[in-house]
Amino acid sequence: MKRKRKRTMPGGAAGSRERWMQRKRVLPGRMEFLMQHDTLTGLYNRGKMFAETRRMIDAYRDTRFVLLRFDIDRFRLYNSVYGEEEGDKLLIFLAEVIRKHAERFEMCTYGRIIADTFCICQPFDPDILDEQIKDLREYLNEYQKDYLLEPTVGAYVVAEPDLSVEEMYVRAFIGSKKCKHLYATCLGFYDEGEKEREAEETAIMNDMRRAMEQEQFIMFFQPKFALSTDTDFGAEALVRWNHPKAGLIPPGKFIPVFEKIGFIVQLDYYVAEHVCRIIGKWRRDGKNINPVTINLSRVTLLDPELVEVLRKLTEKYHVPVSLLNLEITESAYASDPEQIMAAIHALRRAGFVTMMDDFGSGYSSLNMLKDIDVDVLKVDMNFLSGGMEAEKGKIILSSVIQMAGRLGIPVIVEGVETQEQRDFLSTVGCDYVQGYYYAKPMPQEEYERRYIYRTAE
Numbered sequence: 018m019k020r021k022r023k024r025t026m027p028g029g030a031a032g033s034r035e036r037w038m039q040r041k042r043v044l045p046g047r048m049e050f051l052m053q054h055d056t057l058t059g060l061y062n063r064g065k066m067f068a069e070t071r072r073m074i075d076a077y078r079d080t081r082f083v084l085l086r087f088d089i090d091r092f093r094l095y096n097s098v099y100g101e102e103e104g105d106k107l108l109i110f111l112a113e114v115i116r117k118h119a120e121r122f123e124m125c126t127y128g129r130i131i132a133d134t135f136c137i138c139q140p141f142d143p144d145i146l147d148e149q150i151k152d153l154r155e156y157l158n159e160y161q162k163d164y165l166l167e168p169t170v171g172a173y174v175v176a177e178p179d180l181s182v183e184e185m186y187v188r189a190f191i192g193s194k195k196c197k198h199l200y201a202t203c204l205g206f207y208d209e210g211e212k213e214r215e216a217e218e219t220a221i222m223n224d225m226r227r228a229m230e231q232e233q234f235i236m237f238f239q240p241k242f243a244l245s246t247d248t249d250f251g252a253e254a255l256v257r258w259n260h261p262k263a264g265l266i267p268p269g270k271f272i273p274v275f276e277k278i279g280f281i282v283q284l285d286y287y288v289a290e291h292v293c294r295i296i297g298k299w300r301r302d303g304k305n306i307n308p309v310t311i312n313l314s315r316v317t318l319l320d321p322e323l324v325e326v327l328r329k330l331t332e333k334y335h336v337p338v339s340l341l342n343l344e345i346t347e348s349a350y351a352s353d354p355e356q357i358m359a360a361i362h363a364l365r366r367a368g369f370v371t372m373m374d375d376f377g378s379g380y381s382s383l384n385m386l387k388d389i390d391v392d393v394l395k396v397d398m399n400f401l402s403g404g405m406e407a408e409k410g411k412i413i414l415s416s417v418i419q420m421a422g423r424l425g426i427p428v429i430v431e432g433v434e435t436q437e438q439r440d441f442l443s444t445v446g447c448d449y450v451q452g453y454y455y456a457k458p459m460p461q462e463e464y465e466r467r468y469i470y471r472t473a474e
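Residues in the sequence shown are numbered from 18 upward in steps of one, following the numbering used here.
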């Protein structure tokens with residue numbers, strides 16, 4: 018591909034007289050220069066970069082631009098290891114790389130925003146952009162062979178040229194979050210749904226602590242049933258967020274955010290305490306209680322205080338540990354498997370029943386069964402892509418159930434929605450079932466009325 022190398026550009030610095038003036042720093046109006054340029058690299062500072070980008074986009078309305086925002090992963094650690102002077106040398110080196118790349122275009126603006134964060138606005142050419150990213154990674158690899166220097170690049174393809182440059186920059190920043198700390202890719206593009214998702218996440222993080230203090234997180238229960246008798250046998254506790262403005266928020270909206278920021282540990286312990294409190298009340302009312310299951314995240318499993326926290330909660334509310342079952346998703350074993358296994362062993366030694374949820378959905382399940390000591394397997398009807406109509410799916414599911422039976426491990430199949438599914442599971446020796454065919458998740462009051470106190474409608 019033939020590339021243009023003209024060197025006069027609004028806001029550009031590469032190869033032009035302004036580049037020479039930046040590097041020599043001998044402008045007659047030195048004070049003005051210092052107000053508009055970064056003193057370390059000689060590139061435009063944030064204000065000048067945004068102003069010149071605005072001017073360039075307005076002047077070339079027929080050109081499709083892309084605004085790039087990039088930084089270096091673990092730059093602070095690099096500074097700590099090699100010293101700030103070496104960190105400054107790296108930033109100066111990056112500025113030279115940016116100048117070199119900018120020479121490809123007729124028009125291009127670029128600057129240093131702050132610390133190791135740089136911004137570039139250039140005509141959008143996917144092939145050239147891919148080559149730039151490849152070059153950047155290679156330059157960084159050659160620059161320091163004893164330390165992995167990886168860029169994170171966010172890109173906003175300017176679909177709305179009348180947006181403020183500040184907003185374009187924010188969109189590029191949002192795009193960069195897709196690939197932060199991912200080695201396979203270091204370029205993330207903003208899409209229109211990102212802004213809305215970012216706003217939702219921010220709102221969740223702003224409200225979560227107040228929500229916990231005000232006990233806005235409430236318990237729903239979905240009963241489990243013994244397949245041989247179709248009688249209920251305990252339940253799974255599921256958390257919902259009863260937000261004062263947004264109403265009932267499903268866990269799929271807030272759990273991923275909590276996992277990302279580590280707040281999931283507080284939520285898991287919140288759920289554990291509330292479930293223990295509820296079971297304690299049922300027992301004080303003289304009811305015979307079947308076990309209730311709560312879910313534990315991978316992060317919570319790695320908490321060294323987990324067993325002690327759960328032990329104290331069961332003692333506080335006079336709940337036998339046999340009534341509080343613990344569910345762990347199979348994906349939790351994929352990372353830190355040895356620590357997860359150790360945590361499960363500790364929980365079982367303390368008397369808790371542990372269940373592996375979503376068995377067969379991801380990790381090397383058959384190999385895992387001989388290494389991990391769990392009490393119950395949970396299998397989702399949907400983990401077979403062919404569904405229950407496929408003969409192959411039926412064979413695999415029945416084999417899993419029978420294999421677990423030979424290992425002495427009971428199986429709960431969740432997601433049972435039809436009579437046909439229920440009848441099939443009965444023929445292959447399934448122990449317990451859970452799903453909409455029997456009962457949907459329901460508020461605590463409804464569950465108590467139907468399955469604990471068994472009062473009339």
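The beta-carbon is built from N, C-alpha and C at its ideal position, and this holds for glycine as well.
- Cβ-Cβ distances below 7 Å link H362 to D390 in the same chain, with the five nearest sequence neighbours on each side left out; the list follows chain order.
- If you draw a 10 Å sphere on the C-beta of L57, you find fewer than 16 other C-beta atoms in it, and that means exposed.
- The stretch 58-108 contains, as complete beta strand (DSSP E) runs of 3+ residues, the segments 82-89 (chain order).
- The residue from Y449, N399, F87 with its alpha-carbon nearest to that of F206 is F87.
- DSSP places E437 in the uninterrupted alpha helix (DSSP H) bounded by 436-444.
- By alpha-carbon distance to G432, the top candidate from D75, P140, N399, F369 is N399.
- Under the DSSP assignment, K395 falls in the beta strand (DSSP E) whose first and last residues are 393-397.
- Contact between E344 and S314 is absent: CB atoms are separated by about 10 Å, not below the 8 Å threshold.
- With fewer than three CB-CB distances shorter than 8 Å, the stretch 219-238 does not count as touching the stretch 411-424.
- For Y453, the CB contacts under 7 Å within the same chain, skipping 5 residues up- and downstream, are E434 in chain order.
- For G210, DSSP assigns no beta-bridge partner whatsoever.
- If you ignore the 5 residues before and after D55, its C-beta comes within less than 6 Å of the C-beta of N62, R129, all in its own chain and listed in chain order.
- By the criterion of a C-beta distance shorter than 8 Å, Y164 is surrounded in its chain by Y95, V98, Y99, once the five residues flanking it on both sides are discounted.
- Judged by their CB atoms, V336 and T371 are not nearer to each other than the 9 Å cut-off.
- One alpha carbon belongs to L341, the other to L330, and they sit about 10 Å apart.
- V274 places its beta carbon 9 Å or farther from that of E184.
- Looking at the backbone, the Cα of L108 and that of M73 are separated by about 25 Å.
- Excluding the 5 residues flanking it on each side, Y464 has same chain C-beta neighbours closer than 6 Å at F238, in chain order.
- Contact between the stretch 77-92 and the stretch 127-145 is present, with at least three C-beta pairs closer than 8 Å.
- Annotated three-state conformation of Q239 is strand, per DSSP.
- In the DSSP assignment, the residues bridged to C138 are L84, T126.
- With contacts defined as CB atoms closer than 9 Å, I89 and L157 qualify as a contacting pair.
- In the three-state reduction of the DSSP assignment, N158 falls in the helix class.
- Its Cα nearest to that of K395, the residue Y449 stands out among E355, D79, Y449.
- Beyond the five residues adjoining it in sequence on each side, P458 comes within less than 6 Å, by CB distance, of F237, Q239, L255 in the same chain, given in chain order.
- According to the DSSP assignment, I281 belongs to the alpha helix (DSSP H) that extends over 281-301.
- In this structure, R328 and A367 form a Cβ contact; the two beta carbons are roughly 6 Å apart against a cut-off of 8 Å.
- Judged by DSSP secondary structure, R257 falls within the beta strand (DSSP E) whose first and last residues are 248-260.
- Take R439, set aside five residues on each side of it, and the residues of its chain with a beta-carbon closer than 7 Å to its own are V433, V450, Y454, in chain order.
- In the three-state scheme derived from DSSP, where H, G and I count as helix and E and B as strand, T317 is classed as helix.
- Pairing I131 with I306 gives a Cβ-Cβ distance that is not under 9 Å.
- By the C-beta density criterion, Q149 is buried, having at least 16 other C-beta atoms within 10 angstroms.
- Residue environment: D79 is assigned as exposed (fewer than 16 neighbouring CB atoms within 10 Å of its CB, all protein chains considered).
- Looking from the CA of V182, the closest CA among P268, G104, T70, D144 belongs to T70.
- The beta carbons of L60 and Y127 sit closer together than 9 Å.
- Annotation for Y449: the continuous beta strand (DSSP E) segment containing it runs 449-451.
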